[in-house]
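Numbering (the numbering used here), first residue to last: 131 to 230. No residue lacks a Cβ here, since even glycine has one placed at the ideal position from N, Cα and C. Note that the structure is predicted; figures quoted are calculated from it, not measured. Okay, so here's the structure we're looking at.
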Amino acid sequence: MDSKLLARIGAVIFVAIAITMTAIEMSRAPEPPRAESAAVADTSATDPLLIELRRCQSIGAAGASDPDCLRAWAENRRRFLAPGARPAARIADDTSAQEN
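Written out as structure tokens, the structure reads:
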């Protein structure tokens, strides 16, 4: 057999598989959105660090020279890189410690 013929047959098979996979994926029912745990939702609305990080994100490149943003990013790194860090639980622990 000619190598061009083999290449064409391979391309046709590839396209057929791609079309079949697309049809299967489109026929699936959409998955319901996953609900966040109540603890994460509650802390994200009240945690001053998360509020500050969102503010820094909204100001864009100006955040790189904003001292408050630099402090917030440093604290976020400290929380994230802490030994045994569990993001949702750690944030919840820190906010309950601040309230006492």
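Counting every other CB atom within 10 Å of its CB across the protein chains shown gives A202 a total of 16 or more, marking it as buried. In the structure shown, D196 adopts coil according to DSSP, grouped into three states.
A direct Cα-to-Cα measurement between G140 and R158 gives close to 28 Å.
Beyond the five residues adjoining it in sequence on each side, E182 comes within less than 7 Å, by CB distance, of D198 and A202 in the same chain, given in chain order.
The C-alpha of R208 lies about 59 Å from the C-alpha of S133.
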